[in-house]
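*Asks:*
In my numbering, the protein residues as written are 86 to 174.
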């Protein structure tokens with residue numbers, strides 16, 4: 086019903102995983118369902134290929150720079166030792 090009612094138009098979506106392997110395929114016919122005879126005999130299929138977004142990437146460069154600054158400060162003796170007396174000795 087949906088395919089005939091949308092003038093033989095459909096959307097085929099191929100979902101890929103992180104390794105670019107197909108995971109699933111969905112087929113959708115947009116628009117309302119009409120029982121009238123299609124005015125066209127040409128099949129129209131739109132194909133979409135979707136892959137997952139990378140997501141947020143950790144900011145490792147600034148973290149490494151922070152660790153290097155802390156290490157340099159410890160070497161210069163600029164930081165105080167916040168450990169308890171028992172932890173120090």
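Even glycine gets a Cβ: it sits at the ideal position worked out from N, Cα and C.
#1: Go through the region 99–170 residue by residue and report every complete run of the beta strand (DSSP E) that reaches 3 residues or more, in order.
#2: Can you check which of these residues, 101, 155, 118 and 148, is closest to residue 110 by C-alpha distance?
#3: Our contact map puts residue 124 next to residue 95 with C-beta atoms below 8 Å; I'd like the distance itself, whole angstroms only.
#4: Tell me the rounded alpha-carbon separation between residue 98 and residue 132.
*Replies:* Working from what's here:
#1: 107–113 and 129–135
#2: 101
#3: Actually they are not in contact, since the Cβ atoms of residue 124 and residue 95 sit about 16 Å apart, beyond 8 Å.
#4: 6 Å
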